[in-house]
Amino acid sequence: MTREGFSIGPLFIHFYGVIIMLGALAAAWLTAWRAKKAGVDSEKVWDMLPWALLGGVLGARIWHILTPPASMVERGYTTWYYLTHPLDMLMIWNGGLGIPGAVIGGAIAVYIFCRRNKLSFLQWTDFIAPGLALAQAVGRWGNYVNQELYGGPSNLPWAIFIEPRYRLPDFANVEYYHPLFFYEMLWNLLNMGVLLWVGARFAQRLRKGEIFFLYLIIYPVGRFFLEYLRLDPSPVAGLNANQTLMAITALSSLAFILLRRQLFPVEPEEVQDEAGDDEPLEPAAEADA
-13 MTREGFSIGP LFIHFYGVII MLGALAAAWL TAWRAKKAGV DSEKVWDMLP
37 WALLGGVLGA RIWHILTPPA SMVERGYTTW YYLTHPLDML MIWNGGLGIP
87 GAVIGGAIAV YIFCRRNKLS FLQWTDFIAP GLALAQAVGR WGNYVNQELY
137 GGPSNLPWAI FIEPRYRLPD FANVEYYHPL FFYEMLWNLL NMGVLLWVGA
187 RFAQRLRKGE IFFLYLIIYP VGRFFLEYLR LDPSPVAGLN ANQTLMAITA
237 LSSLAFILLR RQLFPVEPEE VQDEAGDDEP LEPAAEADA
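Mapping of the sequence shown onto the working numbering: position 266 corresponds to residue 252, and the numbering continues sequentially without gaps.
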């Protein structure tokens, strides 16, 4: 057994992959619980899971390849490197995944699944949103295993040791750093709690999709400010790609909610979302949507 994983015969199991799978299963369980509580067939979650996983992992890896952090670039893993070494694109434990891409890819996959199965896409994104935040919280421990997503030097009691090979050249002699991955994990857990509370407390006043768009406000706000602590941002054309996207996402999601309510004060019940034929909500369904 090593820091990276363990062997079963000729097969090497990476802890990073195990952690990602645990996060996905935790998200699926929470989503199924919310769907069942709303009177919707929760078994659909397990049919949806492979789609969401495939779309999420593909999107997350593509995002990482297009916006590699500075620490990876210092080690030679640039976008051009990946394009000229396609097999390395598949090694998700080397460099990891990008959360923005995971959300985009997963959302596209879920949308396709909902279209094929005549389900309400917006309704299901509301079910999924708290679980997505939970999956992110679990998945951040993969960053600890990979010795990535750490902040600036720190002498605080909870500072973490970073091995020399994972340090940036300018900080080669600095041993302890802010556990940025842990800070983001806490933010994700807070996000999950807020989404669950809002879904229960304001059930009768929420519209389909608003829990998901609230997720798209809360997570980006936290991520935007946490990026200031990061030593290895993902620069694209001189801008922090993650920070820029977070700002755009949060502002556009807030604008969508406000404009939707202003332009359509009363949304006709007969109007279905773009997914097609929705599953009818029972009275309990509005209590946690």
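Ideal Cβ placement from N, Cα and C applies to all residues, glycine included. From a predicted model like this one, the values you see are computed outputs, not experimental measurements.
Q | Contact belief for A88 with G128 at Cβ below 8 Å, rounded distance in angstroms | A | No, A88 and G128 are not in contact; Cβ-Cβ is about 12 Å, not under 8 Å.
Q | Beta-carbon gap between T17 and G117 smaller than 9 Å | A | At a Cβ-Cβ threshold of 9 Å, T17 and G117 count as neighbours.
Q.
Does the structure place the stretch 188 to 198 close enough to the stretch 157 to 165 that three or more beta carbon pairs sit under 8 Å?
A. Judged by Cβ distances under 8 Å, the stretch 157 to 165 makes no contact with the stretch 188 to 198, as fewer than three pairs qualify.
Q: Would you mind working out which of F1, F99, M58, I(-1) sits nearest L40, comparing C-alpha positions?
A: Of the listed residues, the one whose Cα sits closest to L40 is F99.
Q) Do A121 and G208 have their C-beta atoms closer together than 9 Å? A) With respect to G208, A121 sits apart: the two C-beta atoms are not nearer than 9 Å.
Q: Just list the beta strand (DSSP E) runs in the stretch 34 to 122, keeping only unbroken ones of 3 residues or longer that don't cross its boundaries, in chain order.
A: As far as the stretch 34 to 122 is concerned, it has no whole beta strand (DSSP E) run of at least 3 residues.
Q | Alpha-carbon spacing of I78 relative to L172, whole angstroms | A | Straight-line Cα distance between these residues: approximately 24 Å.
Q | contact_flag[the stretch 99 to 113, the stretch 12 to 31] where n(CB pairs < 8 Å) is 3 or more | A | Touching, yes.
Q) Which word fits T70, buried or exposed, when buried means at least 16 other C-beta atoms lie within 10 angstroms of its C-beta? A) The residue in question, T70, is exposed, as its Cβ has fewer than 16 Cβ neighbours within 10 Å.
Q. Hey, how far is the Cα of M(-13) from the Cα of Y2?
A. In a straight line, the C-alpha of M(-13) is about 14 Å away from that of Y2.
Q) If you scan the stretch 191 to 251 from start to end, which runs of the alpha helix (DSSP H) of 4 or more residues do you find wholly inside it? A) 196 to 212, 227 to 249, all fully within the stretch 191 to 251.
Q | Assigned secondary structure, L135 (DSSP; H/G/I helix, E/B strand, else coil) | A | Shown here, L135 sits in coil according to DSSP, grouped into three states, outside any helix or strand.
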